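In what follows, a single structure is set out as C-alpha cells and then discussed.
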Amino acid sequence: MAGCPSSQIARQDDIAALEGMLPRAEMVFLKEHYAALSRLVEYEEKAGRLIELARADELVLAAHSDAWLAWPSRRSIFTFLVRGLRGRPFKGDAQ
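Structure representation (C-alpha cells):
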C-alpha cells in the first residue's frame, strides 16, 4: 500500500464523504482504523506473507494447467494397474 497513492486518495475521499453523516469521534476512529490496516498490509508485504493478486493468479493458473497436462499419464497408469491391461504391440514389433 505504500507505493499506491491512488488507494490513499480513495480512502481520504471516502472519509471526507462521511463528514457530516458521522460524529467526529467515529470519523477519527475510522481514519485510525484505515491507517492501521494500511500499516498491517505494508508489514505483511515486507514479511513475505502477502503477495500481489496478479502473482497469485499466475501461480494458480500454472498449477491448474500443470494438473490438466499431467492427469492423462497418472490416470492411464492407474487404469492399467487396476484392469491388468497391456498395451498393443506396434506393427513392426516382433512377437
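For the sequence shown, the working numbering puts the final residue at 255, and the numbers step up evenly by one.
For every residue, glycine included, the Cβ atom is placed at its ideal position computed from N, Cα and C.
Fair warning: this is a prediction, and the values are worked out from it, not measured in the lab.
Three-state secondary structure assigned by DSSP to residue i
| i | result |
| --- | --- |
| Leu-200 | helix |
| Leu-182 | strand |
| Arg-264 | Residue 264 lies beyond the range of the chain shown here (161 to 255); nothing can be said about it. |
Supposed contact pair residue j and residue i - C-beta distance, whole angstroms, cut 8 Å
| i | j | result |
| --- | --- | --- |
| Ala-204 | Leu-197 | Sequence inspection shows Glu at residue 204; the Ala mentioned does not correspond to that position. Not quite, the Cβ-Cβ distance comes to about 10 Å (not below 8 Å), so this is no contact. |
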